[in-house]
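Per this note's numbering, the sequence shown runs over residues 786 to 1090. Worksheet for the structure shown next.
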Amino acid sequence: MTVRQKVVVFGSLNMDLVVRVPRMPQPGETLSAHGFLSNPGGKGANQAVACARQGGRVVMVGRVGDDGFGGQLRTALVAQGVNAAGVATTPGVSSGVAMIMVDDAAQNCIAVVAGANASVGIEDADALREWLADAGLLLLQLEVPMTSVLKAAAVAKEAGCTVLLNPAPAQALPDALWPLLDILVLNETEAQLLSGLALVDLHNAVDAAMLLRRRGPRDVIVTLGEQGVVWVSAVGVRHFKAHKVEAVDTTAAGDTFIGALAALLVEGRSMEEALAHAIRAAAICVTRAGAQASMPSREEAERFA
Ligand code: RIB
786 MTVRQKVVVF GSLNMDLVVR VPRMPQPGET LSAHGFLSNP GGKGANQAVA
836 CARQGGRVVM VGRVGDDGFG GQLRTALVAQ GVNAAGVATT PGVSSGVAMI
886 MVDDAAQNCI AVVAGANASV GIEDADALRE WLADAGLLLL QLEVPMTSVL
936 KAAAVAKEAG CTVLLNPAPA QALPDALWPL LDILVLNETE AQLLSGLALV
986 DLHNAVDAAM LLRRRGPRDV IVTLGEQGVV WVSAVGVRHF KAHKVEAVDT
1036 TAAGDTFIGA LAALLVEGRS MEEALAHAIR AAAICVTRAG AQASMPSREE
1086 AERFA
């Protein structure tokens, strides 16, 4: 029997341009910032790196532009042990860029220019067949066109691969996508938008997860920041507490959680073990600045109590 331990990520790559501000500016206001960091990001690439840092074998499929950022984004993936052979260049467009402001309370505001991510097409999803033959899990997010995400999920199903969707940034999903999903991992905002329920406490989060599970995914996981994580599956409802940490920057905490979860699931760990590990990895991530720059190693996440 083939053990399918590879993870394929189909999604975005962005260069994150991060400015540290004392507080978020008002419209029309100019603020003095106290720091700048340029580091590789993008939800797809972040999840690929997070998975690789936890020991996963990962292939990234996506697109960059023919600018300087494109080369840097590819090099960053390779440096973290991600196979970037599935990252193509779209001529004549810029790479994806995210303008991020992080305030002293560790909250962020992000504006994303899709750039080459918008050119990830149906043909790229079709080409996934090559990578999915021996893969255990396909990771999807929503920073590339929805039509391509839908096709990618269909191709993965045909290949007998588990499909995990992180519906971020939050947007409505086409009806045809729901039955193709095995695992749905989403935050409060996304759960609220997709379920139509207001998430004011843990009970609402469970209700939202149950409602969404009825649409197709066998596992629905809602991440709730300081309130931890809710997991709803065929075996019932579980709540996992968050670790208390001093937050510096929450950017990519969700991506770190998802990449780590994927790495442990394809190793054959139980969902309980994978969730506990992913929560530790995400807790470490928020104590550091940046996206890929903030992700812990496997050893660090295992040592974290
Ligand atoms: O999830 C965090 C990511 O969202 C950032 O790295 C940024 O690129 C945006 O896509």
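Cβ atoms here follow ideal geometry from the backbone N, Cα and C, with glycine treated the same way. Only a predicted model underlies this, so the values are computations on that prediction, with no experimental measurement involved.
For residue 855, the shortest C-beta to heavy atom distance toward the ligand RIB is 8 Å or greater. Our two residues, residue 820 and residue 894, have alpha carbons roughly 15 Å apart in a direct line. The bridge partners DSSP lists for residue 1062 come to none.
When beta bridges are read from the DSSP output, residue 914 appears opposite no residue. Checking the 8 Å criterion, the Cβ of residue 828 is within range of a heavy atom belonging to the ligand RIB. When secondary structure is reduced to three states using DSSP, residue 1021 falls in the strand class. Taking a cut-off of 8 Å on C-beta distances, the segment 999–1009 touches the segment 955–966, as three or more cross pairs fall below it. DSSP lists 1006 and 1023 as the beta-bridge partner residues of residue 1016. Between residue 849 and residue 920, the C-beta gap is not smaller than 9 Å, which leaves the two residues out of contact.
Residue 1044 is a Cβ neighbour of residue 832, given a cutoff of 9 Å.
Shown here, residue 960 sits in a helix according to DSSP, grouped into three states. The beta carbons of residue 1009 and residue 1032 sit about 14 Å from each other, so the pair does not count as a contact at 8 Å. Counted as a single uninterrupted DSSP element, the alpha helix (DSSP H) harbouring residue 828 occupies residues 828–838.
Looking only at 1077, 917, 1066 and 952, the smallest Cα-Cα distance to residue 793 is reached by 917.
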